[in-house]
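Residue numbers (the UniProt record's numbering): 1 to 171.
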């Protein structure tokens, strides 16, 4: 019975060992039986947390443009932590994250944004930085990427007015 449950789960999609343990526990499979079945599945490489983590990182980074820290949290909820998670996350570089953040900002940057309209620009900055924050990007990177994309779109540099507020350098 435990074997059939695990096979059915793996047929649907790749799973971590912890996800399979949880599913077996939900089905009231005794722990010792679950451990034996999962050990056997690991021996024949049907359950491999390292491979699962590699695929998961690639998938979440490409489909949702999540940062390493967000993916790390998601892996932890799936029972993949420590060296296995960090090894999988190494495939993502700082430059990959910056490019993904910039792509997200370009995609979400309002098309009709008037660079001279400070209120609209500030609103867009808040929304874009918030969106990047929800995807796990650090605030410094989020603000820098939004600033770069605003400058690229408007053609005017964004200046800090000394109060922590940034504004476009307009005549």
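Using N, Cα and C, we set each Cβ at its ideal position, and we do this for glycine too. Given the structure is predicted, the values throughout are model-derived calculations rather than measurements.
- The Cβ-Cβ distance between residue 46 and residue 17 does not fall below 8 angstroms.
- In this structure the region 49 to 68 touches the region 85 to 104; the number of beta carbon pairs closer than 8 angstroms is three or more.
- The Cβ atoms of residue 21 and residue 34 lie closer than 8 angstroms to each other.
- Secondary structure at residue 136: coil, using DSSP grouped into helix, strand and coil.
- If you draw a straight line from the Cα of residue 133 to the Cα of residue 142, it comes to about 7 angstroms.
- Bounds of the alpha helix (DSSP H) holding residue 6 are 2 to 12.
- By the C-beta criterion, the region 71 to 87 is judged not to be in contact with the region 112 to 121, since fewer than 3 inter-stretch pairs fall below 8 angstroms.
- In the structure shown, the three-state DSSP call for residue 64 is coil.
- Exclusion of the five residues before and after residue 148 leaves 102 as the residues of its chain whose Cβ lies within less than 8 angstroms of its Cβ.
- In this structure residue 152 is exposed. Its beta-carbon is surrounded by fewer than 16 other beta-carbon atoms within 10 angstroms.
- Non-local beta-carbon contacts of residue 108 in its own chain, meaning distances under 8 angstroms to residues more than five positions away in sequence, involve 127, 128, 131 in chain order.
- The C-beta distance from residue 136 to residue 63 rounds to 14 angstroms, too long to fall under 8 angstroms, and the pair is not in contact.
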